[in-house]
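Student:
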Amino acid sequence: MAQKEWHLFLVLLLLLRGAKGSLVKLNNGGYEDVVIGIHPSIAENTKIINTLKDMLKEASSYLYHASQQRFYFRTIKIVIPSTWASKPEYKRVSRESYENADIIVEEPFLKFVDDPYTLQYGGCGIKGRYIHFTSDFLIEDHFLGFYGSRGRVLVHEWAHLRWGVFDEYSNDAPFYSTGANKSEATRCSAGITGQYIFQISEGEIRNCRTERQTELYEPGCLFIPHIKQTSLASIMFMQSLSSISQFCDKSNHNLMAPNMQNKMCSYKSTWEVIMGSADFASSRPLDAPPPDPTIHLMKMQERTVCLVLDTSGRMEKVNRLGRLNQAAKLFLLQIIESGSWVGIVTFSSEAATKSVLQKIVNDRVRQTLASYLPTTAVGESKICEGVLAGFQIFLKKYPSSEGCEIVLLTHGEDPAIRSCFPQIQNSGSIIHTIALGSEASNDLEKLADMTGGLTFYATDSLDSNGLIDAFSGISSGSGDVSQQSIQLESKSQSINGRKLMNGIVTIDQTVGNDTFFLITWSASTSPPEISLTDPKGKKYTKTDFVIENSNIRTARLKIPGTAEIGRWVYSIQNIHSAAQVISITVTTRAADASVPPVTVKSYMSTSSNAFPNPMIIYAEVTHGLFPVFGAIVMATVESTFDKPEKLELFDDGAGADIKKFDGIYSRYFTAFKNNGRYSIKVSVQGGGKLFRRTHRQRQGIYLPGFIADDGTIHLNPPRPVRNVTDTSLGIGGFNRVVSGGSFVITDIPAGGTSDVFPPNKITDLEVIFNKDNEFVLSWTAPGDNFDSGQADRYEIKKSENPLDLTEANFPNATSLDTSDLIPELAGTKQSFRYKPEKLSKENGTFVYFAIRAIDGSNNVGEVSNIARATLFIEDPPTPTIVTPRGPSKFIATIVGIVCSLATLFVIVGTTFYILHKRKIKRPASTHTIASMDQVTVP
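Quick note, the sequence shown lines up with residues 20 to 957 if you use this note's numbering.
#1: By the three-class DSSP mapping on this structure, what secondary structure does HIS161 have?
#2: Look at the Cβ atom of VAL124, then the Cβ atom of ILE57, and state whether they are nearer than 7 Å.
#3: Can GLN258 and ARG171 be called in contact, C-beta distance under 7 Å?
#4: What is the DSSP secondary structure of ASP533, counted as helix, strand or coil?
#5: Where LEU455 and ASP479 are concerned, what is the direct C-alpha to C-alpha distance, given to the nearest angstrom?
#6: Could you tell me the distance, in whole angstroms, from the CA atom of GLY295 to the CA atom of VAL361?
#7: For LEU551, I'd like the list of residues in its chain whose CB is within less than 6 Å of its CB, leaving aside the five on either flank, ordered along the chain.
#8: Based on the DSSP secondary-structure assignment, which residues constitute the bridge partners of TRP540?
#9: Taking the alpha carbon of VAL656 as the reference point, which residue from ALA192, THR394, LYS692, ASN338 has its own alpha carbon closest?
#10: Within 10 angstroms of the Cβ of ALA104, are there 16 or more other Cβ atoms? Answer buried if so, exposed if not.
#11: With distance defined between alpha-carbon atoms, name the residue in MET317, GLY141, ASN445 nearest to ILE95.
#12: DSSP three-state label for PRO898, please.
#13: Between the alpha carbons of GLU203 and CYS267, how many angstroms are there, rounded?
#14: My guess is that ILE99 and TYR109 are in contact by the Cβ rule of under 8 Å, so how many angstroms apart are they, rounded?
#15: According to the Cβ coordinates, are PRO646 and ASP671 closer than 7 Å?
#16: Could you tell me the distance, in whole angstroms, from the CA atom of THR364 to the CA atom of ALA396?
#17: What would DSSP say about CYS325, mapped onto helix, strand or coil?
#18: Does PHE256 come out as helix, strand or coil in the three-state DSSP assignment?
#19: With a threshold of 16 other CB atoms inside 10 Å of the CB of PHE92, please say whether the residue is buried or exposed.
#20: Using DSSP bridges, identify the partner residues of GLN218.
#21: Using CA coordinates, which residue listed in LEU241, TRP290, ILE651 is at the minimum distance from SER253?
#22: Note down, in chain order, each residue of its chain lying with its Cβ closer than 7 Å to the Cβ of SER961, except the 5 sequence neighbours on either side.
#23: Measuring CB atoms only, is the segment 558-572 touching the segment 633-653, in the sense that at least three cross pairs come out at less than 8 Å?
#24: State buried or exposed for VAL380, treating a residue as buried only when at least 16 other CB atoms are found within 10 Å of its CB.
#25: Specify the secondary structure class of PHE868 as computed by DSSP and reduced to three states.
#26: Based on Cα-Cα distance, which residue from ILE870, ARG586, MET283, THR641 lies nearest to GLY880?
#27: How do the segment 748-768 and the segment 833-844 stand: do at least 3 beta-carbon pairs fall below 8 Å, yes or no?
#28: So, with DSSP's three-state summary, where would you put THR847?
#29: Report the start-end ranges of each alpha helix (DSSP H) in the segment 115-151 that is 4 residues or longer and not cut off at the edges.
#30: Can you tell me whether LEU734 is helix, strand or coil according to DSSP?
#31: Is TYR559 near the ligand ATP, going by C-beta to nearest heavy atom under 6 Å?
#32: What would DSSP say about HIS84, mapped onto helix, strand or coil?
#33: Using a Cβ-Cβ cutoff of less than 6 Å, which residues in the same chain neighbour LEU351 once the five nearest sequence positions on both sides are dropped?
#34: Excluding the 5 residues flanking GLU115 on each side, which residues of the same chain have their C-beta closer than 6 Å to its C-beta?
#35: How about ALA638 and ILE487: are their beta carbons less than 7 Å apart?
#36: Closest by CA to ALA690, which one among TYR684, ALA654, PRO723?
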């Protein structure tokens, strides 16, 4: 399959499924069940609710007109945190939560970082993760002067989130050259007018100067738009201007602008991308303006979970029941948050209630619940019996099962599972599914999808920790990460008799409370020898662990208080004469509720895929909401029949990764061998130099000021200055492990796969024109199969018109001789020098380049981003002036003085005239902002 075809397939899958379990539905142009989640750390404030209501009402109307009468917001659900007081108008949440919210309200952890933004991880046309607003942005009205009305900002961000379009401004390239000594602001449309000014000091400005070397305006230059515009586009550039009411379309799209929209969407306008969306295909213009949105207030309740566990006869196979006990006991003793309600149901041919709901208030309750875990297995697997019994557990405490969670673990196939789908759909409960072994029902993923649950898969391999990882990944959706369990280590391997398994676990300063070490073994009745040493040299042995030598075979150690920061060294010896599988799992919680820990979230491009489409695996590493880069991120993909595949994920802006240093590490996965389920586990190691970006890149533009109707220039206070990169992360090394869930692959040929995957699209092509009259191109090498391996050859083309280098026109463009250019291994930086034989040079001449890679099976990659070089001619050397001697020298000196005085007089006169005519006004800042950024140009 050509890369373009699989990309369209992938976009369609993501558009149909939504991102991050989004519950949004489009019904006759109206977006229903849009979820807004308020973080539990936000202090109760009714003004937040009222502002959200006003914002949504305005945004719905603005969206309706901006989308040419196609879309609006119909129903919104605002999720109130459990920390707020209850009110009669607050309903109980169903499947809504902070974690699956489309819009989140959360403080940024660092002060004065209130930019609204959308977290995007996919390419053009692919949905984002969430929109983020701070409470200050919603409460403080001075932000209206910087970003425009909140409803307009929401529509700008909604286009990012829902349709996968990108900004039409650029912080990295705020200007572009249009010819000799001419440059323009990066924007769409180019019809937006304004002035280019440089602020010397408060109340004093001058015109921007053009730098000779780049023919661009100097750093610090500001584009100040006129308050009134004739151009109506575009919302993705500057939504704050009152005249802006449209997205850029094909008729007014600015092809010259070096922005992310052109780079990521191959020079398509935002409206063209929107027209290609599934939303657009399933909609039509409405006959009349829509009503205002209906807004529901939903309040988070205490977490309620029922374990529904398969105890049919085949659970005796491959120690499944013993492994279930190991993993479920960890969940009950350590993972489930304090204050939660937990019940237990087992099922085989029929269901049995092992424990009604009990509230986790202390370790005694946890131990009591663990004692109800099953020890015998017999009968057939009747999944519906177990699920319906779980609902009954909930109904004994609550009037409905809405908002409750079921953790369903099963190994078996149940032909009757679909018979209870209607009851499950109507229950309002969330079902997380864990498929154990290759025989588990193929409908499990449907259960999770229809209820907003998570999906996991654990193989029957004994040297896999998949079952424990699955239970460790089922945490609360409240958003309160300080209460959630964090996995630091998950390691399992076969150890020969008398041999050791050694390792190091790092406890960083953001975690350490409730630290728990779990060691399991598979065969011997006696535990292995255990040696654990903390950073201060204190040693723990197996006598310090709680040992269970029964079929469970576990050793547990809970560190009292807060664990020591640093490297914990462990050594575990198999004292058995034969080889056996030994595993270690380490979990912990945040050290301080007021300081967010470093966290990792893993997700994938889709949970259901068809060969020959690739998967993309993502890992988001953050400290609070801020991206962390510089870590080593490894993904392990495991299936039933093959050895686990390991691949490193990268945050380098190449291959599957769309933005460098945004804390989202990405990689294609194509090593499919068999149809069926695959599980993903991501391990992150931080050490050496770690960095934290203090703001996201994709956000509404900050308006530096405007020009009033009378020509008066009004300047806003400078954008809050903050370091783009913070090197003082200060946590030292860290370890994190997280389950990425599971996915299903189909359509793999019975005879095995052939080479059908092309090299990935090159997205970071750059070009410069040097003093030797050479064009120097550079890029990151793609692979043979997307971003793995090594491509066979390149095609490079050039043109003076960028449209000649788009996917459709690329074959007909002028080719460069690349016969001596050999592709490097994927991920390697490459360069290519091209010196044309005949070059007609004029200042401001543009030459465009694009590249694509081809593998040894003639699979052709997608055309790269289009890079532009501007030709400049060096000024000729200044001629040497021979100074005359004698009387002529005296006359020349007098003439020179007179000329200098005349020039000075003209300059002074002109300056006074300009200052007299130009009116400058600066509103007093109503909000003092500490310096935190080196970039002040929006």
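All C-beta atoms in this analysis are idealised placements derived from N, C-alpha and C, irrespective of residue type, glycine included.
Tutor: Reading off the structure:
#1: In this structure, HIS161 counts as helix in the three-state DSSP scheme.
#2: At the C-beta level, VAL124 and ILE57 come within 7 Å of one another.
#3: Contact flag set, yes.
#4: Three-state DSSP puts ASP533 in a strand.
#5: Rounded to the nearest angstrom, the gap between the Cα atoms of LEU455 and ASP479 is 7 Å.
#6: Taking the straight line from one Cα to the other gives about 46 Å.
#7: Excluding positions up to five away in sequence, the list reads TYR559, TYR589.
#8: Partner(s): ILE601.
#9: Taking each of ALA192, THR394, LYS692, ASN338 in turn and checking the Cα distance to VAL656, the smallest one comes out for LYS692.
#10: By the 10 Å Cβ count, ALA104 comes out exposed.
#11: Comparing Cα positions, the closest option is MET317.
#12: Low per-residue confidence applies at PRO898: pLDDT is 44, beneath 50, and the placement is therefore not dependable, though the value from the model is reported in the following sentence. Collapsing the DSSP output to three states places PRO898 in coil.
#13: If you draw a straight line from the Cα of GLU203 to the Cα of CYS267, it comes to about 17 Å.
#14: Contact flag correct, Cβ pair sits at about 6 Å.
#15: No; because the gap between Cβ atoms is not below 7 Å, this pair is not in contact.
#16: Correcting the residue identity first, residue 364 is Val in this sequence and not Thr. C-alpha separation (whole angstroms): 14 Å.
#17: Note: CYS325 maps to strand in three-state DSSP.
#18: Assigned with DSSP and collapsed to three states, PHE256 falls in helix.
#19: So PHE92 ends up on the buried side.
#20: In the DSSP secondary-structure assignment, GLN218 is bridged to ILE224.
#21: Closest by alpha carbon: TRP290.
#22: Coverage of the chain is limited to positions 20 through 957, which leaves residue 961 absent and any answer about it impossible.
#23: Between the segment 558-572 and the segment 633-653 there are fewer than three inter-stretch CB-CB distances shorter than 8 Å, so the stretches are not counted as touching.
#24: Exposed is the call here.
#25: For PHE868, the secondary structure class from DSSP, reduced to helix, strand or coil, is strand.
#26: Selected option, being the one with the closest Cα: ILE870.
#27: Result no; under three Cβ-Cβ pairs closer than 8 Å.
#28: Residue state, collapsed to three classes: coil.
#29: DSSP runs (the alpha helix (DSSP H)) wholly in the segment 115-151: none.
#30: LEU734 falls in the strand class under three-state DSSP.
#31: Among the components modelled here there is no ligand, and therefore nothing to report on the ligand ATP.
#32: Correct three-state label for HIS84: helix.
#33: The answer, listed in chain order, is ARG385, LEU388, ALA389.
#34: Within the same chain, Cβ atoms closer than 6 Å to the Cβ of GLU115 are found at VAL54, LYS96, VAL98, MET317, the five residues on either side in sequence being excluded.
#35: Contact flag unset, no.
#36: Checking every option, the nearest Cα to that of ALA690 belongs to ALA654.
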